[in-house]
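Taking it in order: structure first as structure tokens, then the write-up.
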Amino acid sequence: MIAPEYLRHVDASPARAARERYRAGAVEPTSGVAPGFTQANMIVLPRDWAFDFLLYAQRNPKACPVLDVSDPGSHETVLAPGADLRTDIPLYRIWRDGKLAEETPDATAAWAEHADLASFLIGCSFTFETPMIEAGIEIRHIIDGSNVPMYLTDQPCRPAGRLKGNMVVSMRPIPASRVADAATISGRFPAVHGAPVHVGAPELIGIHDLSKPDFGDPVRIEPGEVPVFWACGVTPQAAVMASGVPFAITHAPGHMFITDIPDSAYHA
1 MIAPEYLRHV DASPARAARE RYRAGAVEPT SGVAPGFTQA NMIVLPRDWA
51 FDFLLYAQRN PKACPVLDVS DPGSHETVLA PGADLRTDIP LYRIWRDGKL
101 AEETPDATAA WAEHADLASF LIGCSFTFET PMIEAGIEIR HIIDGSNVPM
151 YLTDQPCRPA GRLKGNMVVS MRPIPASRVA DAATISGRFP AVHGAPVHVG
201 APELIGIHDL SKPDFGDPVR IEPGEVPVFW ACGVTPQAAV MASGVPFAIT
251 HAPGHMFITD IPDSAYHA
């Protein structure tokens, strides 16, 4: 966990400016926004489900690396003092009985339905995209202005309490000659999913059509490129669906919470 004192020495104005836009109603995928600042997935659950999820995350750290957990009833995080988790993500999802009930740019009304909600902020692979770009590796969804493609695999997570589900992965096409570099760079960020979980042969993890992602947008794969897959923080949403969770709030896939923490803080 990042100590609050750490942020006294960080100029987080780009991250704050992005959150202010989202609080005012702007909606956009956040890959490439406020480069250099760590982004996070989010799942919010009533206290009754919070321990189950904490155990689920502990048992599946590759897919669910926890960066912060709020106190029940709080909508704040030490990762961005002054931020409001109810409004500062560009797009939210509201879940009821394991089904997507609503997408909204403001979760305040849904948040008010429960007085004991606990928020989990989970590492996001967008964090290591900036160092990959700096190393000369093109990130296709940023270049094309689209959302990263994400797929539900057939790889089961380890269940915990009432929660079960399969891993979700994000995919980036990488030139074959740079796959090792991409794996090395991302591997230096274990707190935000780290190295890839699979390279090539998507059918081996239950993905049969890369042009039809379960979340996000399809991207071009050029000749000589290889699909590379990273564990994804949308995995908790797959658990919500598979487990029939009565109530949850999450980010919409690709629409993250931008923290005040520099990516370098999570560099191993």
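First residue of the sequence shown: 1, per the UniProt record's numbering; consecutive thereafter. Ideal Cβ positions, reconstructed from N, Cα and C, are used throughout, including at glycine.
Check residue i in the structure and name its three-state DSSP category.
i, result
"H208", "coil"
"I139", "coil"
"T259", "strand"
"R59", "helix"
"L79", "coil"
"A118", "strand"
"A101", "strand"
What first and last residue would you give for the beta strand (DSSP E) that runs through residue i?
i, result
"V44", "37-46"
Out of the options, which has the shortest C-alpha to C-alpha gap to residue i?
i, options, result
"I192", "I89, R140, P156, W230", "The residue asked about is misnamed: residue 192 is Val in this sequence, not Ile. Nearest option by C-alpha distance: W230."
"L204", "A238, Y151, M132, E222", "Y151"
"R19", "P61, P72, L45, L91", "L91"
"V228", "V234, I258, A183", "A183"
"F215", "G194, P175, H114, V169", "V169"
Report back the beta-carbon spacing between residue i and residue j to the nearest angstrom; my notes put them in contact at under 8 Å.
i, j, result
"L117", "A40", "Not quite, the Cβ-Cβ distance comes to about 16 Å (not below 8 Å), so this is no contact."
First and last residue of the alpha helix (DSSP H) that includes residue i?
i, result
"Y22", "13-23"
"D181", "179-187"
"I133", "129-134"
Have a look at residue i and residue j and give me their C-alpha separation to the nearest angstrom.
i, j, result
"E103", "I43", "14 Å"
"V78", "A239", "26 Å"
"R188", "R96", "37 Å"
"P105", "H251", "10 Å"
"N147", "V27", "12 Å"
"A24", "S177", "43 Å"
"G224", "P173", "9 Å"
"Q58", "S74", "22 Å"
"W49", "E113", "15 Å"
Strictly under 9 Å for the Cβ-Cβ distance: is residue i near chain C by that measure?
i, result
"P262", "Judged by its chain identifiers, the structure shown contains no chain C, having just a single protein chain."
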